[in-house]
Amino acid sequence: MFKKVLIANRGEIALRIHRACKDMGIKTVAVHSTADNQAMHVRLADESVCIGPPMSKESYLNIKAILSAAEITGCDAIHPGVGFLSENATFASMVEEHGFTFIGPTPDHIQMMGDKITAKEAVLALGIPVVPGSAGALESNEQAALLAQKMGFPVLIKAAAGGGGKGMRVSYSLEDLQEALTEARNEARASFGSDEVFLEKYLVHPRHIEIQVIADSHGNVVHLGERDCSIQRRHQKVWEEAPSPAISSKQRTELGKIVTKAIKKLGYRGVGTLEFLYENGEFYFIEMNTRLQVEHPISEYITGVDLVREQIRVAAGLPLSFTQEDIKFQGHAIECRINAENAETFMPSPGKVLEYHAPSGPFVRIESGLYAGYQVSPYYDSLVSKLIVYGDTREECIRRLNRVIGEYVIHGIDTTLPLHKKLTENADIQKGDYDIHWLEDVFFKDADKK
Ligand code: ADP
């Protein structure tokens, strides 16, 4: 097993990885920008190295600085966390070339799944159904128009290199198609340095259902069931739950079987998530994330598996410590993403946390680097805390979540906690009756009227 791991990330996810390492007897090295001197991941790590100024490009995305930090501290592995360099194939190869273990999949698999077009082609060939759309990248606006007419509007234009909901535009008719194509291409070029786009049928009332998998380097693949991440704003997840209120255990078993078979055939290693849209009883693959997901704790609650520990073990070459038959799905878990944003306008709210009190009680988990006196930086993602709650039933879970949100004190900055409180009290949510557009279409429309 590794003796010392460098965590190439910040915030709650860096802390999560630090904790898994410490529980396994592994020493940790934090890296940080000058803006994060006082961050909790830096304070708790065994050692820390400042790798650059606040801008991510010069610190958390600075491959040379990260590799130097691993070298001078004598690390034997690097965990990339979530976001930043976690799906960067070049980084993964450079880590290995410099003699460290990359805690993640092979660079080839990262590359294949990092491009939404090659990812769809690869999984289709492995027997997984995908959202209907263009066979590859769009060559011209004329080709897009012909295809869109054939498929029928609405259609969705997506960036091949897309992520974080960027480079995506819906087109409802031939009249707005050209403009949507231009906008998607411009946004894709600015965000990803590539304006390659493709077309997909725009599903009108789907749910976002994703399957968590983990594979070792001995050919064992296990799935940990699904997460329902349909509560979204601007294609970004806000609230996630496991299991999905819309999926039967028969559907879970069937989809799980198809997915694990495909992942095994691919020779994949590490944790991964296959994202699907689910509409009218059918699943359609949209993309695969070749890393840990922000929402992994809900799967941990319902299966009893420590995913980060297992991820580190398989990276070290060990076999999975459980089989598919060992995995029993139990109870219900919900995660609320708490952002430093106004709960109604979603305006970012960086600043100093004046008072902080974390809620507690049975089956309550907080993943956060917040503390009283902490300065929330404007430079990074606004996710400042994840509140994860478990219950024997969905009803109990929502009731507990409502109580726990009421106990949570974060003063000094605006957060999205009030939005989550309203969600726990909403009848549609309580019934589990929502799709990916619900939060924007119904909830905010209704909230605006009041
Ligand atoms: P990103 O990588 O940018 O997050 P995804 O492909 O994962 O993009 O899609 C993000 C979200 O966008 C999905 O969860 C879903 O809400 C919406 N979406 C993606 N593809 C479609 C589609 N074909 N029809 C309708 N909504 C879609």
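Residue numbers (our numbering): 1 to 450. Here a beta-carbon is modelled for each residue, glycine too, at the ideal position from N, C-alpha and C.
- Residue pairing by DSSP places TRP239 opposite ILE231 and CYS336 in a beta bridge.
- In chain order, the residues with a C-beta atom nearer than 5 Å to some heavy atom of the ligand ADP are VAL131, LEU156, GLY162, GLY163, GLY165, GLU200, TYR202, LEU203, HIS208, HIS235, ILE286, GLU287 and ILE436.
- The Cβ atoms of LYS120 and PHE285 sit closer than 8 Å to each other.
- Contact between the stretch 260 to 279 and the stretch 81 to 100 is absent: fewer than three C-beta pairs spanning the two stretches fall below 8 Å.
- Nearest in C-alpha terms to VAL5, of all of ILE78, ILE66 and SER56, is ILE78.
- Secondary structure in the stretch 53 to 127: the beta strand (DSSP E) runs of 3 residues or longer, each lying completely within the stretch, are 77 to 79 in chain order.
- The Cβ neighbour count for ASN62, taken over all protein chains shown within 10 Å, is at least 16; the residue is labelled buried.
- Below 8 Å, enough C-beta pairs join the stretch 138 to 149 and the stretch 197 to 212 to call them touching: three or more.
- Straight across, the Cα-Cα distance linking LYS64 with ASP36 is about 19 Å.
- The beta-bridge partner set that DSSP reports for LYS201 consists of VAL155.
- Positions of the beta strand (DSSP E) runs, each at least 3 residues long and wholly inside the stretch 248 to 334, are given as 270 to 279 and 282 to 289 in order along the chain.
- Using a 10 angstroms sphere on the CB of ASP108, the tally of other CB atoms stays under 16, which defines it as exposed.
- About 5 Å separates the CB atoms of ALA242 and ARG227; that is less than 8 Å, so the two are in contact.
- The straight-line gap separating the alpha-carbon atoms of ARG189 and CYS50 is approximately 31 Å.
- LEU67 sits away from VAL222, with the two beta carbons spaced by 8 Å or more.
- Per DSSP, ILE405 is one residue of the alpha helix (DSSP H) stretching across 394 to 407.
- Around the beta carbon of LEU224, 16 or more other beta carbons sit within 10 angstroms, so the residue counts as buried.
- A Cβ-Cβ separation of about 6 Å places PRO154 in contact with SER171 under the 8 Å criterion.
- CA-CA distance, THR73 to ILE7, rounds to 12 Å.
- Annotated three-state conformation of GLU226 is strand, per DSSP.
- Distance from the CA of LYS237 to the CA of GLY164, rounded to the nearest whole angstrom, comes to 10 Å.
- Pairwise C-beta distances place the stretch 327 to 335 in contact with the stretch 297 to 307, as three or more of them are shorter than 8 Å.
- Across the structure, SER191 and LYS166 are spaced so that their CA atoms are roughly 7 Å apart.
- Its chain contains ALA35, ASP36, PRO54 and PRO350 as the residues whose beta carbon lies nearer than 8 Å to that of SER377, once the 5 sequence neighbours on both sides are disregarded; these appear in chain order.
- In this model, TYR371 and VAL353 are separated by some 7 Å (Cα to Cα).
- Here CYS75 has LYS4, VAL5, LEU6, VAL29 and PHE100 as same chain residues with Cβ atoms under 7 Å from its own Cβ, once five neighbours each way along the sequence are excluded.
- The beta carbon of ALA122 sits closer than 6 Å to those of MET112, all from its chain and outside the five residues before and after it, given in chain order.
- A straight line joining the alpha-carbon of HIS32 with that of GLY219 spans about 36 Å.
- With distances taken between CA atoms, LEU174 lies nearest to MET151 out of ASN426, MET151, PRO129 and ALA427.
- Annotation for ASP46: LYS27 and THR28 place their beta carbon closer than 6 Å to its own, counting only its chain and skipping 5 residues before and after.
- With contact defined as three or more Cβ pairs closer than 8 Å, the stretch 353 to 368 and the stretch 252 to 263 are not in contact.
- The residue from ARG169, HIS205 and SER368 with its alpha-carbon nearest to that of ILE338 is SER368.
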